[in-house]
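Asks:
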Amino acid sequence: MPATCVVGLQWGDEAKGKIVDLLADSHQFVVRFNGGANAGHTVVWGDRKFALSLLPTGVLKPHVTSVIGNGVVVYPPRFLEEVGKLRDGGVPVGANLVVSDHAHVIFPYHMEEERVAEAEADGKIGTTGRGIGPCYQDKVGRRYGVRVGELLHPTHLRERLKQIVPVKNRLLTAFANGHTDALKTFDANKLCDEYLGYADQIRPHITDTARLLHDALKAGKQVLFEAAQGSLLDVDHGTYPYVTSSNSLPAGIWSGTGVPSRAVTRIIGVVKAYTTRVGRGPCPTELLDDTGDRIRKIGREFGTVTGRPRRVGWLDALTVKYTAALAGADEITVMLLDVLSGLPELKICTAYELDGQRVDHFPSDAFQLERCQPVYETLPGWTEDLTACRKPADLPANARRYVDRIGELVGLPVSVVSVGPDRDQTILMK
Ligand code: GDP
Ligand code: IMO
Ligand code: MG
946 MPATCVVGLQ WGDEAKGKIV DLLADSHQFV VRFNGGANAG HTVVWGDRKF
996 ALSLLPTGVL KPHVTSVIGN GVVVYPPRFL EEVGKLRDGG VPVGANLVVS
1046 DHAHVIFPYH MEEERVAEAE ADGKIGTTGR GIGPCYQDKV GRRYGVRVGE
1096 LLHPTHLRER LKQIVPVKNR LLTAFANGHT DALKTFDANK LCDEYLGYAD
1146 QIRPHITDTA RLLHDALKAG KQVLFEAAQG SLLDVDHGTY PYVTSSNSLP
1196 AGIWSGTGVP SRAVTRIIGV VKAYTTRVGR GPCPTELLDD TGDRIRKIGR
1246 EFGTVTGRPR RVGWLDALTV KYTAALAGAD EITVMLLDVL SGLPELKICT
1296 AYELDGQRVD HFPSDAFQLE RCQPVYETLP GWTEDLTACR KPADLPANAR
1346 RYVDRIGELV GLPVSVVSVG PDRDQTILMK
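If you want it as structure tokens, here you go:
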């Protein structure tokens, strides 16, 4: 029962959406197992552009069953908004989209908790403001978590919210301590009425997705897992605390869907040809100069979810080698290579220097990584526009050399090189 996983090996936005979209053609199931509407996956088909946030990228293909697994946190208005936008754009969405009854529900008080926490100078992570962290906190804390399946039981839901909302209001008021502007508090009954309205619309999509996937795998269906975020944002293995609140590595598949990890036989690590990061936290190869600005502009490096400018830097091969090992990647894809055209030379970080010592491994603590200086290898650039390249032989020698060197440093074959956002702008290297 072979399944595939697509996972980002940096800090998110590696162009996973493009790879998932390409692979979706040959899969019957595309499954999200972590995160929520903090993700932003862009897919381009000719002059059509789709931005998916909470929904799996497979939803663009009617032949695919798109699954939101139990490990995802769901904001119902966002779910409905995304479905509505797709339908308006002529993409049929119906029984092909399912959501786990065990996925946790995001309420507006989660977003308010996040807003208050992010307003604290010392507490700032630079989150997306989508209520992700507070919802996962409630899930693990157990007392105040609400699962999608509970939305289908009106009396039960009202009782739960009558228990939870007053506590949330007290917590918010104490937490804000008069320092946060226009603090919002909530009314349990109103919130319940609002969410029952969403539940009526989401009801047809709610199911036991673990069983669905077990049956699919048993029947020999092709299943594709789409990781949201990137490996360095994984709550356990990323640059903690500047991470998201879920396991974005393939390790999250088992807990986030109920599919045992041995079912996943192909893991594709997606790597941007340079580095980007949104929000706070260490980024040793960050470029705070004209080169960084140029890459940001040409690569259109502005967050899909928040519109924030992404921090930009040289490729960090030391880090990607580490995340490839954490992810168990079998191969890598090199994305947005076209963006680097015209730079006279390119740098790849191969080691760090910390307190005058060379470091060849990824420091496990963000506060140590913050103090690391990158050690670079320099490669010659190329001037040619790559966006019309379609096969390996079309790539200029220096672009090919750059790609090959990434593969060598990471220690994995490069299976795909991407030279533009469109589906066609893809080079199969094998
Ligand atoms: P994801 O979150 O990993 O799915 O990545 P995003 O969609 O947030 O960001 C990747 C961006 O790069 C999107 O706007 C894509 O349309 C775009 N993109 C994907 N591949 C390429 C490429 O090879 N070249 C260029 N220039 N853009 C690309
Ligand atoms: P995709 O799937 C890039 C970042 C946020 C912030 C940190 C925590 O598009 O690659 P959160 O709202 O999750 O609590 O924020 O994680 N972040 C992402 N950065 N791509 C993403 O998703 C991200 N999802 C979260 O910017 O630094
Ligand atoms: Mg993204």
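The opening position of the sequence shown corresponds to residue 946 in the numbering used here, with each subsequent residue numbered one higher.
Glycine included, C-beta positions come from ideal geometry on N, C-alpha and C.
Predicted model, so just to flag it, every value in this text is computed and none were measured.
For residue 1085, count neighbouring Cβ atoms within 10 angstroms of its own Cβ and tell me buried if that reaches 16, exposed if not.
Replies: Translated into the one-based positions of the sequence shown, residue 1085 becomes position 140. By the 10 Å Cβ count, residue 1085 comes out exposed.
Asks: Does the beta carbon of residue 1049 fall short of 7 Å from some heavy atom of ligand 3?
Replies: As a working mapping, residue 1049 is identified with position 104 in the sequence shown. Checking the Cβ of residue 1049 against ligand 3 gives no.
Asks: Apply the 10 Å Cβ neighbour rule to residue 1134 and answer buried if 16 or more other Cβ atoms are within range, or exposed otherwise.
Replies: Within the sequence shown, the letter at position 189 stands for residue 1134. It is exposed - the Cβ of residue 1134 has fewer than 16 other Cβ atoms within 10 Å.
Asks: State yes or no: is the C-beta of residue 952 within less than 8 Å of the C-beta of residue 1214?
Replies: Against the sequence shown, residue 952 aligns to sequence position 7. Against the sequence shown, residue 1214 aligns to sequence position 269. Cβ atoms of residue 952 and residue 1214: closer than 8 Å.
Asks: Is it a yes or a no for the stretch 1293 to 1313 touching the stretch 1232 to 1249, going by three-plus beta-carbon pairs under 8 Å?
Replies: Output reads no: the stretch 1232 to 1249 does not touch the stretch 1293 to 1313.
Asks: Whole angstroms is fine: what's the gap from residue 1301's alpha carbon to residue 1260's?
Replies: In the sequence shown, counting from the first residue as 1, residue 1301 sits at position 356. In the sequence shown, counting from the first residue as 1, residue 1260 sits at position 315. One C-alpha to the other measures close to 22 Å.
Asks: Looking only at C-alpha atoms, which of 1262, 1319, 1239 sits nearest to residue 1287?
Replies: In the sequence shown, residue 1287 corresponds to position 342, counting from 1. Residue 1287 has its Cα closest to that of 1239, out of 1262, 1319, 1239.
Asks: On the CB-based measure, 16 or more other CB atoms within 10 Å of its CB, does residue 1255 come out buried or exposed?
Replies: Start at 1 with the first residue of the sequence shown, and residue 1255 comes out as number 310. Per the 10 Å Cβ criterion, buried.
Asks: Please find out if some non-hydrogen atom of ligand 3 comes closer than 7 Å to the beta-carbon of residue 1249.
Replies: For this step, residue 1249 is matched to residue 304 along the sequence shown. At least one heavy atom of ligand 3 is nearer than 7 Å to the Cβ of residue 1249, so yes.
Asks: What are the start and end residues of the alpha helix (DSSP H) that includes residue 1084?
Replies: Counting from 1 along the sequence shown, the entry for residue 1084 is found at position 139. Note, residue 1084: alpha helix (DSSP H), 1077 to 1086.
Asks: So, is residue 1019 buried or exposed, given that buried needs 16 or more other C-beta atoms within 10 angstroms?
Replies: Taking the sequence shown and counting its residues from 1, one reaches residue 1019 at position 74. Buried: at least 16 other Cβ atoms inside 10 Å.
Asks: Among residues of its own chain, excluding the 5 on either side of residue 1179, which ones have a beta-carbon nearer than 6 Å to its beta-carbon?
Replies: On the sequence shown, residue 1179 is found 234 positions in, with the first residue counted as 1. Only 1192, 1193, 1194 meet the Cβ criterion.
Asks: Regarding residue 1224 and ligand 2, is the C-beta to nearest heavy atom distance less than 7 Å?
Replies: Locating residue 1224 in the sequence shown gives position 279, where the first residue counts as 1. Because some heavy atom of ligand 2 lies under 7 Å away, the Cβ of residue 1224 counts as near it: yes.
Asks: DSSP beta-bridge partners for residue 1171?
Replies: Working through the sequence shown from its first residue, we reach residue 1171 at position 226. The partner list for residue 1171 (beta bridge, DSSP) reads 951, 977.
Asks: Over the uninterrupted beta strand (DSSP E) stretch that includes residue 1012, give me the two end residues.
Replies: Translated into the one-based positions of the sequence shown, residue 1012 becomes position 67. Counting along the chain, the beta strand (DSSP E) containing residue 1012 begins and ends at 1010 to 1013.
Asks: Rounded to whole angstroms, what is the Cα-Cα separation between residue 1263 and residue 1045?
Replies: Residue 1263 sits at position 318 when you count from the first residue of the sequence shown. Residue 1045 sits at position 100 when you count from the first residue of the sequence shown. Whole-angstrom Cα-Cα distance: 37 Å.
Asks: Assign residue 1336 to buried or exposed, taking buried as 16 or more other Cβ atoms, counted over all protein chains shown, within 10 Å of its Cβ.
Replies: The residue you call residue 1336 lines up with position 391 of the sequence shown. So residue 1336 ends up on the exposed side.
Asks: Looking at the unbroken beta strand (DSSP E) that takes in residue 1321, where does it start and where does it end?
Replies: As a working mapping, residue 1321 is identified with position 376 in the sequence shown. From DSSP, the beta strand (DSSP E) with residue 1321 extends over 1318 to 1325.
Asks: Out of curiosity, what's the CA-to-CA distance linking residue 1278 and residue 1361?
Replies: For the purposes of this step, residue 1278 is taken as residue 333 along the sequence shown, with counting starting at 1. For the purposes of this step, residue 1361 is taken as residue 416 along the sequence shown, with counting starting at 1. Looking at the two C-alpha atoms, the distance is approximately 5 Å.
Asks: Tell me the residue span of the beta strand (DSSP E) that contains residue 1219.
Replies: Position 274 of the sequence shown, counted from the first residue, corresponds to residue 1219. From DSSP, residue 1219 is part of no beta strand (DSSP E); its letter is neither H nor E.
Asks: CB of residue 984 to nearest heavy atom of ligand 3: below 7 Å?
Replies: Translated into positions along the sequence shown, residue 984 becomes position 39. Residue 984 Cβ: within cutoff of ligand 3.
Asks: Please return the same chain residues whose Cβ sits closer than 6 Å to the Cβ of residue 1071, not counting the five positions on each side in sequence.
Replies: On the sequence shown, position 126 is the one that residue 1071 refers to. So the list reads 1224, 1225, once near-sequence residues are dropped.
Asks: Here's the rule: buried if 16 or more other CB atoms are within 10 angstroms of the residue's CB, otherwise exposed. What is residue 1122?
Replies: The sequence position of residue 1122 within the sequence shown is 177, counting from 1. Looking at its Cβ environment, which holds fewer than 16 other Cβ atoms inside 10 Å, residue 1122 is exposed.
Asks: Output the residue ranges of the alpha helix (DSSP H) runs that lie fully inside the stretch 1185 to 1209 and measure 4 residues or longer, sorted by chain position.
Replies: List check, alpha helix (DSSP H) in window: 1197 to 1202.
Asks: Residue 1244: beta carbon under 7 Å from a heavy atom of ligand 1?
Replies: Here residue 1244 corresponds to residue number 299 of the sequence shown, with the count starting at 1. Yes - ligand 1 has a heavy atom lying nearer than 7 Å to the Cβ of residue 1244.
Asks: I'd like to confirm something about residue 957: is its beta-carbon nearer than 7 Å to some heavy atom of ligand 3, or not?
Replies: On the sequence shown, residue 957 is found 12 positions in, with the first residue counted as 1. Because some heavy atom of ligand 3 lies under 7 Å away, the Cβ of residue 957 counts as near it: yes.
Asks: Would the C-beta of residue 1073 count as close to ligand 2, meaning under 7 Å from any of its heavy atoms?
Replies: Looking up residue 1073 in the sequence shown gives position 128. Checking every heavy atom of ligand 2 against the Cβ of residue 1073, one is found closer than 7 Å.
Asks: Applying the 10 Å Cβ sphere with the 16-neighbour rule, what's the burial state of residue 1204?
Replies: Mapped onto the sequence shown, residue 1204 falls at position 259. It counts as buried.
Asks: Within 7 Å: the Cβ of residue 1187 and any heavy atom of ligand 2?
Replies: The sequence position of residue 1187 within the sequence shown is 242, counting from 1. True, at least one ligand heavy atom lies under 7 Å from that Cβ.
Asks: State the start and end residues of the unbroken alpha helix (DSSP H) segment that holds residue 1056.
Replies: As a first step, residue 1056 must be located in the sequence shown, where it is residue number 111. Residue 1056 -> alpha helix (DSSP H) spans 1053 to 1064.
Asks: Going by beta carbon distance, what residues of the same chain come within less than 7 Å of residue 1334, once the five residues before and after it are set aside?
Replies: Taking the first residue of the sequence shown as position 1, residue 1334 is located at position 389. So the qualifying residues of the chain are 1340, 1364, 1372.
Asks: Assign residue 1108 to one of two classes, buried (16 or more other C-beta atoms within 10 Å of its C-beta) or exposed (fewer than that).
Replies: Within the sequence shown, residue 1108 is the residue found at index 163, counting from 1. Exposed is the call here.
Asks: Residue 1292 lies in the beta strand (DSSP E); which residues open and close that run?
Replies: Residue mapping note: residue 1292 aligns to position 347 of the sequence shown, counting from 1. From DSSP, the beta strand (DSSP E) with residue 1292 extends over 1290 to 1299.
Asks: Within 10 angstroms of the Cβ of residue 1008, are there 16 or more other Cβ atoms? Answer buried if so, exposed if not.
Replies: Here residue 1008 refers to the residue found at position 63 of the sequence shown. Counting Cβ neighbours within 10 Å, residue 1008 comes out exposed, since fewer than 16 surround it.
Asks: Taking the beta strand (DSSP E) that residue 1371 belongs to, which residues open and close that run?
Replies: Sequence index remark: in the sequence shown, residue 1371 carries index 426 (1-based). Here the beta strand (DSSP E) through residue 1371 covers 1371 to 1373.
Asks: Apart from the five residues just before and just after residue 973, which ones in its own chain have a Cβ nearer than 8 Å to its Cβ?
Replies: On the sequence shown, position 28 is the one that residue 973 refers to. Around residue 973: 1008, 1009, 1010, 1161, 1166, 1167, 1168.
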